[in-house]
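Participant:
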Amino acid sequence: MPEEEWPQIAVVGAGAVGCYFGGMLARAGAPVTLIGRAPHVEAINRDGLFIDSVHFKERVSVSASTEIGAVRDARLVLFSVKTVDTENAAKSLAPHLAPDTIVVSLQNGVDNAERIDLAAGIQAIPTVVYIAAAMIGAGRVRHSGRGDLIIGNPLPNHDTSESELAGVAATFTRAGVPCRISENITAELWEKLIMNCAYNAISALSRMKYGRIAQDPGAIEVMKRVVIEAVEVGKAAGVRLSADTMIAAVLKLGNEAMPEALSSTAQDIARGKPTEIDSLNGFLVRRGAELGVPTPVNQTLHGLVKLLEQTAFESVRQ
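For the sequence shown, the working numbering begins at 78 and goes up steadily by one.
Okay, here's the thing in structure tokens:
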């Protein structure tokens, strides 16, 4: 991707994360098509995408579609569907991709690139996403913290070249989105997983933002236990992490980097939508069971959010 040329870009799953990063690329001049749900698509095609950022407030002109076939001319696809939709979305996407199209997975969890490959033979680039964002109306996204990416190449059979990774990073950086290439993306994915496991469930159960959670003594103790369990599961899986370092990073995230963030799990519960908790605390519980590592605190949080999820879904249906 030469610096003087923008690649044609499509965003599959234009929710808060997809709209923010796709919107930033479009704001910088890249040709972007957001693919999402009808209410957002109609509003974006009519009025543009409104980005309410901590840095600016701006209406961005960008194309939008409800059809997955709109990716057909894209050279770069941002894959930002919920983890529960990964396999189905990958299978729908595959027939429309050009052979040289690069797919970047902007998703929570540590195994999405592998799942995308297994489901549809698409070798997606795994990405660690740090952002506080939420849809606040049709075609309107609010950005309240961070907004940076880490990309890498963890799979032994992955044929993404260093120059392609560099091109992706340069494209985001040119649009004002910090993006670096990691030599150990697996560890970075686990670090983000632990951040999510520490905050998402507690935020959903308490309806609190990260800053409040990180100041509450009881919540801090729960988060510490979540981190310790997660680090032990990671070690058993061959990922070396420090519990002390991760606890410090978790508290810094809530106190300094993203105090105004409300977790995506909390946002999903509020809308009566399925959450990604199975790919967060639930993932740790499953991996822990497979590896013989007990995870009682993560299991408790996972079970409580699943119960809350059912209640929220039933409330919306009524």
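Cβ coordinates follow ideal geometry from the N, Cα and C atoms, glycine included.
Alpha carbon to alpha carbon, what distance is there between T263 and V316?
Facilitator: In a straight line, the C-alpha of V316 is about 8 Å away from that of T263.
Participant: In angstroms with no decimal places, state the Cα-to-Cα distance between V88 and S138.
Facilitator: Between V88 and S138, the C-alpha separation is close to 15 Å.
Participant: Measuring only the C-alpha atoms, how far is A107 from W83?
Facilitator: A107 and W83: Cα-Cα distance of roughly 5 Å.
Participant: Are the CB atoms of T204 and I227 nearer to each other than 8 Å?
Facilitator: For T204 and I227, yes; Cβs fall inside 8 Å.
Participant: Please list, in chain order, all residues of the same chain as T250 whose beta carbon is under 6 Å from its beta carbon, the five residues on each side excluded.
Facilitator: Cβ neighbours of T250 beyond the five flanking positions: C256.
Participant: Can you tell me whether E80 is helix, strand or coil according to DSSP?
Facilitator: With a pLDDT of 48 at E80, under the threshold of 50, the predicted position of this residue should be treated as unreliable, and no value is reported.
Participant: What does a CB cutoff of less than 7 Å around A320 pick up in its chain, not counting 5 residues either side in sequence?
Facilitator: The answer, listed in chain order, is V304, I305 and V308.
Participant: Can you tell which of R219, V382, L378 and L330 has the C-alpha that lies nearest to the C-alpha of A347?
Facilitator: With distances taken between Cα atoms, A347 lies closest to V382.
Participant: Ignoring anything shorter than 4 residues or poking outside the segment 235-305, list the alpha helix (DSSP H) runs there in chain order.
Facilitator: You should have 239-251, 262-283 and 287-290.
Participant: Reducing DSSP to helix, strand and coil, say where F133 ends up.
Facilitator: DSSP places F133 in coil when its eight states are reduced to three.
Participant: Ends of the alpha helix (DSSP H) at H117?
Facilitator: Its alpha helix (DSSP H) spans residues A115 to D124.
Participant: How about M212 and A93: are their beta carbons less than 8 Å apart?
Facilitator: Yes, Cβ-Cβ distance for M212 and A93 is below 8 Å.
Participant: Mind reading off the beta-carbon distance from I199 to L155? Whole number of angstroms is fine, and I expect it under 8 Å.
Facilitator: No, I199 and L155 are not in contact; Cβ-Cβ is about 13 Å, not under 8 Å.
Participant: Would a C-beta distance cut-off of 8 Å place P336 and Y276 closer than the cut-off?
Facilitator: Not in contact: P336 and Y276 (Cβ atoms no closer than 8 Å).
Participant: Taking the beta carbon of N165 as the centre, do at least 16 other beta carbons fall within 10 Å, making it buried, or is it exposed?
Facilitator: With fewer than 16 Cβ atoms within 10 Å of its Cβ, N165 is classed as exposed.
Participant: Cα separation between S238 and I279?
Facilitator: Spanning the two alpha carbons is a distance of roughly 39 Å.
Participant: Looking at G90 and V181, is the spacing between their C-beta atoms short of 8 Å?
Facilitator: Their beta carbons are not under 8 Å apart, which means V181 does not touch G90 by this criterion.
Participant: Round the Cβ separation of G111 and V187 to the nearest angstrom and send it over; I've been treating them as touching at under 8 Å.
Facilitator: Just to set this straight, residue 111 is Leu in the shown sequence, not Gly. That belief does not hold up - the Cβ atoms of L111 and V187 are roughly 26 Å apart, past 8 Å.
Participant: What's the C-alpha gap between N358 and S259?
Facilitator: About 24 Å.
Participant: Apart from the five residues just before and just after K312, which ones in its own chain have a Cβ nearer than 8 Å to its Cβ?
Facilitator: L318, listed in sequence order.
Participant: From the DSSP secondary-structure annotation, give me the bridge partner or partners of T110.
Facilitator: Paired residues: A87 and S140.
Participant: Excluding sequence positions up to five away, which residues of its chain have a Cβ less than 8 Å from the Cβ of E80?
Facilitator: Confidence at E80 is low in this model, with a pLDDT of 48, below 50, so the placement of that residue should be treated as unreliable; the coordinate-derived value is given next. Result list for E80: A247 and R251, in chain order.
Participant: Could you give the first and the last residue of the continuous beta strand (DSSP E) run that contains V187?
Facilitator: Here V187 belongs to no beta strand (DSSP E), and DSSP marks it neither H nor E.
Participant: Quick one, which of T342, V299 and G146 has its alpha-carbon nearest V327's?
Facilitator: Checked all of T342, V299 and G146; the closest Cα to V327 is V299.
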